[in-house]
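Counting from 1 along the sequence shown, just add 2 to a position and that's the residue number in my numbering. The C-beta atom is built at its ideal place from N, Cα and C for all residues, glycine as well. In this text the structure is predicted, and so the values were computed from the model without any measurement. Below: the structure, in structure tokens.
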Amino acid sequence: MTKVLRKIIQIDEELCTGCGDCVSPCAEGAIEIVDGKAKVISDELCDGAGFCLGTCPEGALTIVERETDEFSEEAVHEHTAANKVDPVTQHCNWCGAADTERPLLPTRHQGQSVWVCVKCLPPLIHG
Ligand code: SF4
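Have a look at this one:
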């Protein structure tokens, strides 16, 4: 398999409590809880987009740049079909809107990882 220099998620196992909050935001199904810790089960499944980052209450997730397997849409399709990966609908922590209604962004607030929809975000920014 071709190795490329690219961005990818890194999980600090010392900080990870295995809560699982980062699993469902990953549409590729790249993260699973294995032996009580979050793991990227295959580098070719992680596109490095970082949608999981804001969900971690422990700050265990970061994006790093390193040489690894190329991201593979084909591998994602095979993996999600075989494992019936179906991302759980997330809701805005302010108004309760589902991500099927409007886009949500992962944010941090008062030490918590929270989802905020695009309608609630402007008042939070501008006060
Ligand atoms: S959200 Fe953070 S603490 Fe929870 S399982 Fe994922 S990496 Fe571990």
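8 Å contact criterion, which residue i and residue j should meet: CB distance rounded
i, j, result
"E75", "L7", "The Cβ separation is near 19 Å, so there is no contact."
Best match in the options for proximity to residue i [C-alpha to C-alpha]
i, options, result
"T19", "S44, K121, I35", "I35"
"A83", "L17, E67, E15, G31", "G31"
Backbone secondary structure at residue i - three-state DSSP
i, result
"I33", "strand"
"L17", "coil"
"D23", "coil"
"A83", "helix"
"I10", "strand"
"I127", "helix"
"A77", "helix"
Close beta carbons around residue i, own chain, < 6 Å, minus the five adjacent residues each side
i, result
"L55", "L63"
Chain-order list of residues whose beta-carbon lies under 8 Å from that of residue i (same chain, five-residue window excluded)
i, result
"P190", "No statement about residue 190 is possible, as the shown extent of the chain runs from 3 to 129 and does not include it."
Closer than 7 Å: residue i CB and nearest the ligand SF4 heavy atom
i, result
"I35", "yes"
"L126", "no"
"P27", "no"
"C48", "no"
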